[in-house]
Amino acid sequence: MKKESFSLFTILRNIVWFILALLVMLSVPTGWLYDLWAGEGTEQGQWPGVDVQRLQQQEDIETCFLSNTPVTVDDNELVACPLARLRDSEQAGVHMHHNSGVKRSVSVSEYIYADYPIPPLQRFVQGFVGGYYNRYHLLKLEDGSWLCVYFDDYLALTGADNYPTGYVRYTTTEERRMLNQMAEDYDVDSVYVLDMYRHGKVSWMLDVLLRLAVCVAVAVIVWGIKKAFKMQIPHP
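Every letter in the sequence shown is one number past the one before it in numbering that gives the first Met the number 0, and letter 98, counting from 1, is 97.
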């Protein structure tokens, strides 16, 4: 009976560790780490300085686009969009790997889509792979209209008093298709998106290594604590 209980405990412990490792490898946001040295200024993805205007109404969107003006937005109501994009676009494509001597290919899409409105399961899937994808959002402007924004979405999790500097650009085909769906429920212009993400700040391969290093470090720390605890227990 004791052996069975121990085996069950071991199985449950291994399952918990496996889930935690998956969360670290796939879900835990690391964007905040790369933003520690983003600095302040007018470059896309930097923290806004005094020279960065605040976009507050829909009629200013086209003006900011035509003048290529660095802008940011005030914190306001956010609505998650049914579209997410790779943090590092270089990760998109077909990747080959060997598994037990068999060569296999894995295709990674630059965008992942969900139905609209977003079903709970698809929202969970997008969140589960959120370590490698950024979700788009609609942000409410001061005049009551909405603007599509793209930023490192750890800010949506932690909350942001200030959003990064960005530039208004034309939407891609995927973005426009998504916004045309949402335009039925929100007063949003499907032609423009405010891009505040610092493209190129994340290398997906280095990010994978960073996540692996975190897993190894945690395992070593836990092993060390466990060993120290055993040494303190007196032997009969």
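Every residue gets a Cβ at the ideal spot worked out from N, C-alpha and C, and that includes glycine.
For the beta strand (DSSP E) containing residue i, name the first residue and the last one.
i    : result
N133 : 132-139
L146 : 145-149
To the nearest angstrom, how far is it from the Cα of residue i to the Cα of residue j?
i    : j    : result
Q45  : G223 : 40 angstroms
Y191 : H96  : 38 angstroms
V201 : Q231 : 44 angstroms
V107 : Q90  : 7 angstroms
M0   : V15  : With a pLDDT of only 47 at M0, under 50, the local geometry of the prediction cannot be trusted, and the value read off the model is given with reservation. Looking at the two C-alpha atoms, the distance is approximately 23 angstroms.
I10  : I18  : 12 angstroms
A79  : E39  : 27 angstroms
D74  : F150 : 13 angstroms
G92  : V105 : 8 angstroms
D114 : P28  : 24 angstroms
S189 : V148 : 11 angstroms
A20  : C214 : 6 angstroms
T62  : V101 : 55 angstroms
Measure the CB-CB distance between residue i and residue j and report whether it falls below 8 angstroms.
i    : j    : result
Y169 : L137 : no
L241 : Q52  : As shown, the chain starts at 0 and ends at 235. That puts residue 241 outside it, with no answer to give.
L25  : F127 : yes
W203 : D34  : no
V187 : M195 : no
E109 : L85  : yes
Y132 : Q125 : yes
C165 : L193 : Looking at the sequence itself, residue 165 is Gly, so the reference to Cys does not match. Yes; because the gap between Cβ atoms is below 8 angstroms, this pair is in contact.
V70  : V167 : yes
G30  : Y153 : yes
Which one or two residues does DSSP pair with residue i in a beta bridge?
i    : result
N161 : D73
G237 : For residue 237 there is no data in the structure shown, the boundaries of the chain being 0 and 235.
D152 : Answer is none; D152 lacks a bridge partner.
W46  : E39
L82  : Y112
Span of the alpha helix (DSSP H) holding residue i?
i    : result
S202 : Counting along the chain, S202 falls outside any alpha helix (DSSP H), and DSSP gives it neither H nor E.
L193 : From DSSP, L193 is part of no alpha helix (DSSP H) but of the beta strand (DSSP E) over 191-194.
Y33  : 30-33
V124 : 119-127
R175 : 172-181
E61  : 60-66
Check whether chain C comes within 8 angstroms of residue i, counting only Cβ atoms and requiring the distance to be less than that.
i   : result
S66 : In the structure shown, chain C cannot be found, because there is only a single protein chain.
The ligand ZN heavy atoms versus the CB of residue i: any closer than 7 angstroms?
i    : result
L146 : The model on display carries no ligand, and the ligand ZN is accordingly not part of it.
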